[in-house]
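A short worksheet on the structure shown next.
2 protein chains.
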Amino acid sequence: MATGRSTQHNPNPAAGTRRSRGRGIPDATVARLPLYLRALTALSERSVPTVSSEELAAAAGVNSAKLRKDFSYLGSYGTRGVGYDVEYLVYQISRELGLTQDWPVVIVGIGNLGHALANYGGFASRGFRVAALLDADPAITGNVVAGLPVRHTDEMEEIIRSERVSIGVITTPPGAAQQVCDRLVAAGVTSILNFAPTVLNVPDGVDVRKVDLSIELQILAFHEQRKAGDEYRDDDGPTEADADAEVPSAPAAAVVSTPERAVAPGHGHGHEQGQEYEEAAG
Amino acid sequence: MATGRSTQHNPNPAAGTRRSRGRGIPDATVARLPLYLRALTALSERSVPTVSSEELAAAAGVNSAKLRKDFSYLGSYGTRGVGYDVEYLVYQISRELGLTQDWPVVIVGIGNLGHALANYGGFASRGFRVAALLDADPAITGNVVAGLPVRHTDEMEEIIRSERVSIGVITTPPGAAQQVCDRLVAAGVTSILNFAPTVLNVPDGVDVRKVDLSIELQILAFHEQRKAGDEYRDDDGPTEADADAEVPSAPAAAVVSTPERAVAPGHGHGHEQGQEYEEAAG
DNA sequence: ATGTCTTTGTGAACGCGTGCACAAAGATGG
DNA sequence: CCATCTTTGTGCACGCGTTCACAAAGACAT
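Chains as they are written, first to last, in this note's numbering: chain A, 46 to 327; chain B, 46 to 327.
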């Protein structure tokens, strides 16, 4: 998933030393801990005292062996023959994720998405406190969103320092993202959640996670196309059967159903749809 | 990423056969294609004719060797000594992702997030057409959002069939997500983008990708905590013993219940804090 | 206590993804 | 045409993540 890897994604080693030494928890495991926590919280609310790896895995949508291995990185919190104590595990995972402390965050860019995030209950319920909403547009500043006044980005540095904000959320249009990012980092933010469809450059020691709504849809479209193509494919015919066996010879092998206009002819932008790719946001 | 995301994510094997046969493109590569496409589109708009793997990799935020390997799965579209033809590559990637065709989507749950997505420019600009906005709340249906009327979920099946919708986006509260999912699938949807913090159960052949905003923040919090704790240079300690590694930070007030039973046998230290987690959702 | 049953925790094998490093391919200049 | 330079395409090795399968550990009944 998300990514992310990201996907598990662009986790720069940060701080040099490999996280393998000591009590390093694999990134893939860390990414799943919130899933377990959510499932455990639901069990806790139903006053379920203990849960087996099999049950919890099903609730979290993962393999039970994977779940047990994940938990083994945290320590041995289970009881053989019984399972895991729900409340205890909730606490341990919360602590491991750092959710037992308060994390003030700022959201920059109060457009549609920023507005939605400000109202998102999933933040406040997990120790994340919205310290401020920021926007550069004077037409927006002053408005009250989710009970908070939208403040001007001029106040960014002051707010970050006084509130000791270390996490920033960027929901600005892509053109403004890098600049906002730079200011956040300069003011002391060391973790950024980026919703703008842009690659952010940050110094070492700063973590960036990105969420791109359109990328997820594009990945779905790929699989969807592949599914549809299993029935009948108007373009792209030759495949299967041969790919693994012999490829090396003809370079054209991969260019199977190349459209008439092979190489970027004088056709302006080569999209059938006539759709212009624009980085609109907000 | 996660996603990675993916997330890295939760790529359920789906459809039995491994995608490795034939012209299978690795999942990790598919997840990056949209990134390349975005960077290429930007170059295209600046009328840049060709680009080297090094340049494009920098623009996309990845390693150049990785980029070349990714492209090698699509075929040999580059020219040695020169680089890649921008327009041609834009077309090839678009085609591979299935973006050269029209993808009608429905968005179910027009709360804050659904509202934001309906207005999100990144969808329409890539071949995704919002066929309908749906909500179960009579107070919301009828409203016009992003130029489209919000229709009642009673019309879901009809719309999906008549518009041939195969992709659905769920932005409902978690309690309604599974039910909505079931109806979507029954009506013919085979790809789902789920924003509700719930594990969706779907039959084989249906792809689900999830985006959980709070999970991303929790992952950031983990790394942030680790950064703060690095001052201690804590070296391995097989387990417990360091449970209350209090970080020198602001007094976090979020402290509630202390379930007594929580202490599992064999673990000497208790936990002094507990936090109530609720699945609130916009 | 002892035996049986359940479930954890983990060693080991495997597969995927990543990145290095280099040969091949083509451009370019003389 | 030959030499040189640039950049692609990829073989290979390595490390991470996943999964299997099973021994160890504890609960529970007798």
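Glycine included, each C-beta is placed from N, C-alpha and C at the ideal position.
Computed from a predicted model, the values in this text were never measured in an experiment.
Determine the direct distance from the alpha carbon of residue 237 of chain B to that of residue 196 of chain A, and round the result to whole angstroms. The alpha-carbon separation between residue 196 of chain A and residue 237 of chain B amounts to approximately 36 Å.
Close beta carbons around residue 176 of chain A, own chain, < 7 Å, minus the five adjacent residues each side: Excluding residues within five positions, the ones whose Cβ falls inside 7 Å are 149, 150, 151, 204, 208, 210.
Could you tell me the distance, in whole angstroms, from the CA atom of residue 258 of chain B to the CA atom of residue 165 of chain A? The straight-line gap from Cα to Cα measures roughly 9 Å.
7 Å is my cut-off, CB to CB: does residue 88 of chain A come that close to chain B? Taking Cβ atoms only, chain B never reaches closer than 7 Å to residue 88 of chain A, which makes this a no.
Cβ of residue 181 of chain A within 6 Å of any heavy atom in the ligand SAM? By its list of ligands, the structure shown contains no ligand whatsoever, and the ligand SAM lies outside what it can speak to.
Using a beta-carbon distance below 7 Å, is residue 116 of chain A in contact with chain B? For residue 116 of chain A, the answer is no, since every Cβ of chain B falls outside 7 Å of its Cβ.
Measure the CB-CB distance between residue 225 of chain A and residue 217 of chain A and report whether it falls below 7 Å. Taking a C-beta distance under 7 Å as the contact criterion, residue 225 of chain A and residue 217 of chain A qualify as a contact pair.
On a CA-only basis, which of B:92, B:81, B:272, B:223 is nearest residue 99 of chain B? Give me that one, please. Closest by alpha carbon: B:81.
Starting from the beta carbon of residue 75 of chain B, find every residue of chain A whose beta carbon is closer than 7 Å, and list them in chain order. By Cβ distance, chain A contributes 264, 267.
Considering only the beta carbon of each residue, do residue 243 of chain B and residue 221 of chain B sit closer than 7 Å? Contact: no.
Under 7 Å, do residue 161 of chain B and residue 158 of chain A count as touching if we go by C-beta distance? Pairing residue 161 of chain B with residue 158 of chain A gives a Cβ-Cβ distance under 7 Å.
Cβ-based contacts, 9 Å cut-off: residues of the segment 140-166 of chain B near chain A: Under the 9 Å Cβ criterion, the segment 140-166 of chain B contributes 140, 141, 142, 143, 144, 145, 146, 147, 148, 150, 156, 157, 158, 159, 160, 161, 162, 163, 164, 165, 166.
Ends of the alpha helix (DSSP H) at residue 151 of chain B? According to the DSSP assignment, residue 151 of chain B belongs to no alpha helix (DSSP H) but to the beta strand (DSSP E) extending over 148-153.
Under 7 Å between C-beta atoms, does residue 99 of chain B make it to chain A? Taking Cβ atoms only, chain A never reaches closer than 7 Å to residue 99 of chain B, which makes this a no.
Can you list, in chain order, the residues of its chain with a C-beta nearer than 6 Å to that of residue 233 of chain B? Leave out the 5 residues immediately preceding and following it. Setting aside the 5 residues that flank it on each side, residue 233 of chain B is surrounded in the same chain by 205, each with a C-beta closer than 6 Å to its C-beta; the list follows chain order.
Tell me whether residue 126 of chain A sits in a helix, a strand or coil according to DSSP, three-state version. The answer is coil: DSSP assigns residue 126 of chain A none of H, G, I, E or B.
So with CB distances below 9 Å, who are the chain B contacts of residue 195 of chain A? Among the residues of chain B, none has a CB under 9 Å from the CB of residue 195 of chain A; the nearest is roughly 15 Å distant.
Measure the C-alpha to C-alpha separation of residue 115 of chain B and residue 271 of chain B and round it to an integer number of angstroms. For residue 115 of chain B and residue 271 of chain B, the distance between alpha carbons rounds to 33 Å.
Cβ-based burial, residue 239 of chain B [other Cβ within 10 Å; buried from 16]: Residue 239 of chain B counts as buried, since at least 16 other C-beta atoms from the protein chains shown sit within 10 angstroms of its C-beta.
Test: residue 174 of chain B CB closer than 7 Å to a CB of chain A: Residue 174 of chain B has a beta carbon lying at 7 Å or more from every beta carbon in chain A.
In three-state DSSP terms, what is residue 261 of chain A? The answer is helix: DSSP assigns residue 261 of chain A an H, G or I state.
With a 10 Å radius around its C-beta and 16 neighbouring C-beta atoms as the bar for buried, classify residue 241 of chain A as buried or exposed. So residue 241 of chain A counts as buried.
According to DSSP, is residue 194 of chain A part of a helix, a strand, or is it coil? Reduced to three states, the DSSP call for residue 194 of chain A is strand.
Measuring alpha carbon to alpha carbon, tell me which residue in A:71, A:186, A:192 is nearest residue 118 of chain A. Minimum Cα-Cα distance from residue 118 of chain A among the listed residues A:71, A:186, A:192 corresponds to A:71.
Per-residue burial, residue 145 of chain A [other beta carbons within 10 Å of its own, 16 or more giving buried]: Looking at its Cβ environment, which holds 16 or more other Cβ atoms inside 10 Å, residue 145 of chain A is buried.
For residue 147 of chain A and residue 179 of chain A, I'd like the C-alpha separation in whole angstroms. Rounded to the nearest whole angstrom, the CA to CA distance from residue 147 of chain A to residue 179 of chain A is 20 Å.
Could you run through the segment 211-229 of chain B and flag, in chain order, every residue whose CB is less than 7 Å away from some CB of chain A? Sequence-ordered contacts of the segment 211-229 of chain B with chain A read 211, 212 [C-beta pairs closer than 7 Å].
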